[in-house]
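Quick notes on the structure that follows.
Numbering (UniProt numbering), first residue to last: 1 to 909.
The structure is reproduced here in C-alpha cells:
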C-alpha cells in the first residue's frame, strides 16, 4: 500500500503543514480522466546498489498540458513515498494546492488546485519520492543478482513496466495511449554503469564514489517502455554504419562473457531485415539486449525501446556446447522483441483492448522475417505450432475475442494470453496469404507511414491501410472490404471448422462453416466468418495453395463452388494450413487422404501432413469424426521422420496422456502405442546430438526421446549409465536437452538417494541454462517421498520465483501423483503466493494451466475448492469451465479411446 509523507511548508503557506485530503473522490473508471496530459518527463534516480543498498530516491518533473479547464491533475502512483510535491506554471511560479489524494484501488495520485487551470495552459508537476528495489514480484524497478567468479553476490537493478508497473517505480501517467518524451539521469557507484532507452549524453563524477549518467531524450513513447539497468554487467558491441549507424550490444554478468557474440550478430541481421521489410528505419541509434537471471525474470523478454530485457536462457548461447536449436531460440526471441520496436513502440496501441496489434505482429514476424535474416533455420514452417495452440484455446466456450475491452490492472494482465499472441498472429498470417504477401506487406507499410507521426493506433487504422493496398492490387472482390472481413475475426471469439462434400461424381463441392468447439454445446452457435478458402489438387499447379480462391461468406448454410478435380485426384482444402480454421472432409475424401499418406506421404507438404494429424484428432474429440479414422491418420506416423508433423503429433499425444492419466491401463496402452509410432523416429536420429546438425533434426530427436525412450533398451541403458556415473562423482549435471530427456525417462524409478543428490547439485549450479535443464530433470520424479521433498524445497531460497513455477508445472504435468501432491500443498498453505514468494499473476496463470491436467474426479473436486477459496471470481469461473470440459471429454471419449488403444487401428503399408 502506498505511503505518503507530507512535509511542512510545501507550497503556498510557508509555516504550516499541508494536509492530505482523506476524502477521496469516487472515480467510476480505472482510466485516467485525461483533462491533463504529459508532454515531457525529466526523471532523476539515485541508487546505491554498489553498497548492496536496495533503496533509491528520485525526482520527476512532468511537463503537463491542460486539455480541459480543471482544478485537478490525476496521474498514477504506487509504492512511492512522496517527499515533496509542487506545481509551477510556465513562468516557474508556484500554484497553490488544496491537497493531494490517493485512490489506492485505482493507483491514482490526485492533485487538487485552489484555482482552475485553464485549457491550453502548461505546468510542471515536480515530485521528490523514495522507493525500493527490494521486491520479489519481478515487476517495476526491482533487484536481481548473480554470484560472481569469487563467490560474491552482486546486485543489479532492472525494470519490467509492462503493463501497469511504471507507476510503481515513479509517479507517472501510466496508460499505453499516452506517448511523450523522457530525459533520464541515473546516479550509481563508480564500478557500476547505468543504461536506459536512449544513448548516454555524458557522465559526471559525484562525491562519495558515485557518478551521474545523463541520457539523450527519448522518442515519444508510453511509460511501460521506459527502462533502466544499473549493474556491473559487461557487454559485447557491434556498430554498423550502412544504411545508417546503429550500435547493437548484449549485456550480461561477467561470467557469461563467452555467450554474447551470437545474440549480437543475430540482432544486427534481424533488425536490418525488419527495416527493409517494413521500409522503416529503426528510430534510435542504439539497441541493447540485457540478459537477466531466469530466476529473477517472470516474462520471456520485454521490448523496452532501445533496452530489451531477456531471460538468460533465451538470449545467451555457448558456441562450444549449443547448436542450431539454441540459435533458433535466440533468433526467435530477438525477432519478437525487435518487431515490437515497430509494432508496439513506434506504433502504440490506443488502449489495451488492441494489445493484439503489438503481440500478434511480433509473434508472426519473429518467424517470418527470419526467412530473410536466418534462412538456414527454416522458421516459417515452425509457425504451425503457434496456429495449433491458438486453435486449441479458441475451441473453448469461455474464450475472449482478440479486441476486448478491459480496465483494471488485473484484467489488463490477463490479456497477455494466447489470444493476443497466437490467435492474432494466426489471423494476421491468414490475411497475409489470402490477399498475397506483397499486398499485405504494402498494407503494413501504409499502416506504419500513415500512423507513425501520431504514434497511436487501433484496429480500424490497420484495416484502412490493408484495404487501401488490397483495392490497389485488386486482391479483394469489389463487394468486400477488409473491415468486414477482419472484424469477423477480431471482434468475436472462436474459430470455424469448414466442412465440404462433393456432389456425386461432379466437380461441384458444397462448403459450410460453423464454430468449432472442443466440447459440443447444447445449442449450436450462430457465429460465422469471412473465410478465405484455398485448395490444392495435383493438376491445379499450386495456384490456390495459399491465396484465396474464394471467400466463404458468413450466414450462408451451404455454399456451392466448382473445382476441377481429375478422377484420381484428392482435393485438399487449406493445404498449407495458412487459414485459421479446421477442415473436415467427407468419408470418401478422408479415405483417399489416408491411402495417400501411406503410399506416398511426400505428395503432401509437411505442413499439410501436420494439419491432417491435428484436424483429424481434434475433430474426433469433438464428435465430428470417428476415432477409427483419426487413429488411421495417426498410424502413418510410424514412417514419418519429419519434425513438423511429429511436433503436431506430440502435442496431441500429450493431450491424450493428460486426459487418460486417471486410467492406468489406458495410460500404459498409450505409452506402448506412442513408443511404437516413435520407434522409427528414434532409429533415424539416434540418442546423441550431432555437431552441426539442423534444428529440425535436433527437435525430431527430442520428440523421439520423449515418446520412445520408455520402451527403448538403448535409451534405458544410456540413462542408467549417466546415473551410475553421477553416483560415483556425487554430483549431477545436465548439459543438454537431449541428456535431460534421457535421464527423465529413468526418474520414475530413481531412488531417493539419487534424487537427493540431484537436489543438492542444483544448489551449486549457477548457469541459468544448466539450472533449467536440471530443474526439469529433477521434476520428472514420480516417487511420492521425493516429490514432497522437492515441493518443500520450493519454500527456500534455492529456487527463484520463475524456477518455482517451472518446477510446479513439471510436477503436475508429469504424473497424477505429482498433481495430487501439489493440491495437498495448496490445501495446507495459507496465502500460497506469499508463502512461496511468487507473485499472484504467476500463481493465477499456474492455476489456470493446472486445470488442464486435473481430470480425476476427486482431484478435480479438491482443486476446485481450493481455487474457489484463493482465486478471484473471473479465474474461478474460467477454471470451473475447464474442469467441466475435462469431465465432458472423459464422459464422451475416454472409453472409446481406451478401446482403440487396446487394438490400435492399422492399415497395410
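For every residue, glycine included, the Cβ atom is placed at its ideal position computed from N, Cα and C.
Computed from a prediction, not measured in an experiment: that's the story for all the values here.
Q) Rounded to a whole number of angstroms, what is the C-alpha to C-alpha distance between residue 45 and residue 451? A) Taking the chain shown and counting its residues from 1, the one referred to as residue 45 is at position 45. Taking the chain shown and counting its residues from 1, the one referred to as residue 451 is at position 451. Going by the C-alpha atoms only, they are around 33 Å apart.
Q: May I ask which residues mark the beginning and end of the alpha helix (DSSP H) holding residue 826?
A: Indexing the chain shown from 1 puts residue 826 at position 826. Counting along the chain, the alpha helix (DSSP H) containing residue 826 begins and ends at 816–827.
**Q.** Continuous alpha helix (DSSP H) stretch holding residue 705: start and end
**A.** Residue numbering aside, residue 705 sits at position 705 when the chain shown is read from its first letter. Counting along the chain, the unbroken alpha helix (DSSP H) around residue 705 starts and ends at 695–708.
Q) On the three-pair Cβ rule with 8 Å, is the region 510–525 touching the region 622–629? A) yes
(Q) Quick check on DSSP: helix, strand or coil for residue 838? (A) The residue given as residue 838 occupies position 838 in the chain shown. If DSSP states are grouped into helix, strand and coil, residue 838 belongs with coil.
Q: Starting from the Cα of residue 177, find the closest Cα among 352, 74 and 291 and give me that residue.
A: Locating residue 177 in the chain shown gives position 177, counting from the first residue. Minimum Cα distance to residue 177 is reached at 352.
(Q) As a quick exercise: from 798, 394 and 572, pick the residue whose alpha carbon is nearest that of residue 544. (A) Against the chain shown, residue 544 aligns to sequence position 544. Residue 572 is the option with its Cα nearest to residue 544.
Q) Can you give the Cα-Cα distance for residue 202 and residue 755, rounded to whole angstroms? A) Counted from its first residue, the chain shown places residue 202 at position 202. Counted from its first residue, the chain shown places residue 755 at position 755. Distance between the alpha carbons of residue 202 and residue 755: 53 Å.
(Q) What does the Cβ neighbour count give for residue 505, buried or exposed, with the cut at 16 atoms within 10 Å? (A) Residue mapping note: residue 505 aligns to position 505 of the chain shown, counting from 1. By the neighbour-count rule (16 or more Cβ atoms within 10 Å), residue 505 is not buried but exposed.
Q. When you compare only the Cα positions, how much space is there between residue 32 and residue 223?
A. As a first step, residue 32 is located in the chain shown; it is residue number 32 there, counting from the start. As a first step, residue 223 is located in the chain shown; it is residue number 223 there, counting from the start. Answer to the nearest angstrom: the Cα atoms are 14 Å apart.
(Q) Measuring only the C-alpha atoms, how far is residue 309 from residue 856? (A) Translated into positions along the chain shown, residue 309 becomes position 309. Translated into positions along the chain shown, residue 856 becomes position 856. Annotation: residue 309 to residue 856 spans about 40 Å, alpha carbon to alpha carbon.
Q. How is residue 477 classed by DSSP in three states: helix, strand or coil?
A. Sequence index remark: in the chain shown, residue 477 carries index 477 (1-based). Note: residue 477 maps to coil in three-state DSSP.
Q.
Tell me the rounded alpha-carbon separation between residue 619 and residue 633.
A. By one-based count along the chain shown, residue 619 stands at place 619. By one-based count along the chain shown, residue 633 stands at place 633. Each residue's CA atom was taken as its position, placing residue 619 and residue 633 some 12 Å apart.
Q.
Give me, in chain order, the residues of the same chain whose beta-carbon lies closer than 6 Å to that of residue 558; leave out the 5 immediate sequence neighbours on both sides.
A. For this step, residue 558 is matched to residue 558 along the chain shown. Result list for residue 558: 510 and 512, in chain order.
Q) Which residues in the same chain as residue 477 place their Cβ atom closer than 8 Å to its Cβ, once the five residues preceding and following it in sequence are excluded? A) Along the chain shown, read from residue 1 onward, the residue named residue 477 stands at position 477. Cβ within range, chain order: 551.
Q.
Do residue 82 and residue 127 count as a contact pair if the criterion is CB distance below 9 Å?
A. Position 127 of the chain shown holds residue 127. Position 82 of the chain shown holds residue 82. In this structure, residue 127 lies near residue 82, with their beta-carbon atoms less than 9 Å apart.
Q. Which residues in the same chain have their Cβ closer than 6 Å to the Cβ of residue 118, if we skip the five residues on either side of it in sequence?
A. Residue mapping note: residue 118 aligns to position 118 of the chain shown, counting from 1. Closer than 6 Å at the Cβ level, and outside the excluded window around residue 118, lie 69.
Q) Would you say residue 270 and residue 252 are within 9 Å of each other, going by their C-beta atoms? A) Within the chain shown, numbered from 1, the residue matching residue 270 stands at position 270. Within the chain shown, numbered from 1, the residue matching residue 252 stands at position 252. Result no, Cβ atoms of residue 270 and residue 252 do not sit closer than 9 Å.
Q: Mind reading off the beta-carbon distance from residue 750 to residue 784? Whole number of angstroms is fine, and I expect it under 8 Å.
A: The sequence position of residue 750 within the chain shown is 750, counting from 1. The sequence position of residue 784 within the chain shown is 784, counting from 1. Residue 750 to residue 784, Cβ: 13 Å. No contact.
Q. For residue 798, which residues of its own chain have a beta-carbon under 7 Å away from its beta-carbon, when the five flanking residues on both sides are left out?
A. Position 798 of the chain shown, counting from 1, holds the residue named residue 798. Only 762 and 763 meet the Cβ criterion.
Q: Please work out which residues of its chain come closer than 6 Å, Cβ to Cβ, to residue 21, disregarding the five sequence neighbours upstream and downstream, and give them in chain order.
A: By one-based count along the chain shown, residue 21 stands at place 21. Note that residue 21 scores a pLDDT of 45, beneath 50, so its modelled location is shaky; the value from the coordinates is reported in the next line. So the qualifying residues of the chain are 99 and 101.
Q. Relative to the alpha-carbon of residue 638, which residue among 607, 666, 809 and 683 has its alpha-carbon at the smallest distance?
A. What you label residue 638 is simply residue 638 of the chain shown in a count that begins at 1. Checked all of 607, 666, 809 and 683; the closest Cα to residue 638 is 683.
Q.
So, for residue 420: in the same chain, excluding its five sequence neighbours on each side, which residues have a beta-carbon less than 6 Å away from its beta-carbon?
A. Indexing the chain shown from 1 puts residue 420 at position 420. Contacts found: 355, 356 and 359.
(Q) I'd like the span of the beta strand (DSSP E) that includes residue 234, first residue to last. (A) Residue numbering aside, residue 234 sits at position 234 when the chain shown is read from its first letter. Counting along the chain, the beta strand (DSSP E) containing residue 234 begins and ends at 234–240.
Q) Which class does residue 203 belong to by DSSP, given the choice of helix, strand or coil? A) Translated into positions along the chain shown, residue 203 becomes position 203. Residue 203: strand per DSSP, three-state reduction.
**Q.** C-alpha distance - residue 289 paired with residue 663, whole-angstrom precision
**A.** Your numbering for residue 289 matches position 289 in the chain shown. Your numbering for residue 663 matches position 663 in the chain shown. Using only the alpha carbons, I get a separation of about 47 Å.
Q) In chain order, what residues of the same chain lie with their CB nearer than 7 Å to the CB of residue 826, ignoring the 5 residues before and after it? A) Numbered from 1 along the chain shown, position 826 holds the residue referred to as residue 826. Closer than 7 Å at the Cβ level, and outside the excluded window around residue 826, lie 832 and 866.
Q. Apart from the five residues just before and just after residue 547, which ones in its own chain have a Cβ nearer than 7 Å to its Cβ?
A. By one-based count along the chain shown, residue 547 stands at place 547. Closer than 7 Å at the Cβ level, and outside the excluded window around residue 547, lie 433, 434, 436 and 534.
Q: In the DSSP assignment, find the unbroken beta strand (DSSP E) run with residue 287 in it and report its ends.
A: Residue mapping note: residue 287 aligns to position 287 of the chain shown, counting from 1. Bounds of the beta strand (DSSP E) holding residue 287 are 286–292.
Q.
Measuring only the C-alpha atoms, how far is residue 539 from residue 500?
A. Position 539 of the chain shown, counted from the first residue, corresponds to residue 539. Position 500 of the chain shown, counted from the first residue, corresponds to residue 500. In a straight line, the C-alpha of residue 539 is about 20 Å away from that of residue 500.
Q: Report yes if the CB atom of residue 166 is closer than 9 Å to the CB atom of residue 306, and no otherwise.
A: Locating residue 166 in the chain shown gives position 166, where the first residue counts as 1. Locating residue 306 in the chain shown gives position 306, where the first residue counts as 1. Taking 9 Å as the cut-off, the beta carbon of residue 166 is found no closer than this to the beta carbon of residue 306.
Q: Compute the distance between the beta-carbons of residue 62 and residue 76, then report whether it is under 9 Å.
A: Indexing the chain shown from 1 puts residue 62 at position 62. Indexing the chain shown from 1 puts residue 76 at position 76. Going by C-beta atoms, residue 62 is not nearer than 9 Å to residue 76.
**Q.** Same chain only: Cβ atoms within 7 Å of residue 730, ignoring 5 sequence neighbours per side
**A.** Position 730 of the chain shown, counted from the start, is the residue given in the question as residue 730. These residues qualify, in order along the chain: 757.
Q: Compute the Euclidean distance between the alpha carbons of residue 30 and residue 531, then round it to the nearest angstrom.
A: Residue mapping note: residue 30 aligns to position 30 of the chain shown, counting from 1. Residue mapping note: residue 531 aligns to position 531 of the chain shown, counting from 1. Each residue's alpha carbon lies about 37 Å from the other.
Q | Contact under 9 Å by Cβ, residue 494 with residue 394 | A | Locating residue 494 in the chain shown gives position 494, counting from the first residue. Locating residue 394 in the chain shown gives position 394, counting from the first residue. Against a cut-off of 9 Å, the Cβ pair of residue 394 and residue 494 comes out as a contact.
**Q.** Straight-line Cα distance separating residue 200 from residue 219
**A.** Start at 1 with the first residue of the chain shown, and residue 219 comes out as number 219. Start at 1 with the first residue of the chain shown, and residue 200 comes out as number 200. Spanning the two alpha carbons is a distance of roughly 14 Å.
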